[in-house]
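Counting from 319, one number per residue, gives the positions in the sequence shown under my numbering. First the structure, in the form of structure tokens, and then the observations on it.
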Amino acid sequence: MDIENRDDIEQLMRAFYAKAIPDPVIGHYFTEVIQMDLEKHLPVIIDFWETVLFGIAKYKSNAIAVHQHLHTKSAFEDKHFERWVSLFQATVDDLFEGEKATLAKQRALSIATVMKIKTIHGTSPIGH
């Protein structure tokens, strides 16, 4: 089954965070650096992915600015982005298959790449 709606995105996000929060590479960002309240964060991240996958303009924040701020609290390294992508793509594969599932995995890689460039290197991906 493919990712078809907001409920599917919620299922994906809950499964992803079930892996990411206890993860030895990236988990500390959620538990120590930001002490994330998952139930408050879920609607925001679901809005983000609903915007990314379905073009429904619900997400109004600046994800890059949020992550640049996190980088000042606990510096990101390449391994953090690589692990995030790995966990995200594995979670998609565990639950879904189809056009939107493939798009979610592609977008996750693209988003992580841009995020890495703008946080670690502090520049835009095209050198501006």
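Just so it is clear, CB atoms sit at the ideal spot from N, CA and C, and this is done for glycine as well.
- [ ] Could you have a look at Ser392 and say whether DSSP puts it in helix, strand or coil?
- [x] coil
Open item on the list: So that I know if they touch, is there some Cβ in chain B lying closer than 8 Å to that of Gly373?
Closed with: In the displayed structure, chain B is absent; only one protein chain is listed.
Open item on the list: Within a Cβ cutoff of 8 Å, which residues of the same chain sit near Val351, ignoring the five residues on either side of it in sequence?
Closed with: Leu388, Lys391 and Ser392
- [ ] Within its chain, find whatever has a CB closer than 6 Å to the CB of Val403; leave out the 5 residues flanking it on each side and keep chain order.
- [x] Ala426, Leu427 and Ala430
Open item on the list: I'd like the list of long-range same chain contacts for Leu421, defined as Cβ closer than 7 Å, with 5 residues on each side in sequence excluded.
Closed with: Same-chain partners within the cutoff: Leu371.
Task: Reference Gln329; option with closest CA among His439, Phe406 and Ile344 - done: Phe406
Open item on the list: I need the DSSP call for Ile429, collapsed to helix, strand or coil.
Closed with: Ile429 falls in the helix class under three-state DSSP.
Task: Uninterrupted beta strand (DSSP E) stretches inside the segment 363-414 (no shorter than 3 residues) - done: none
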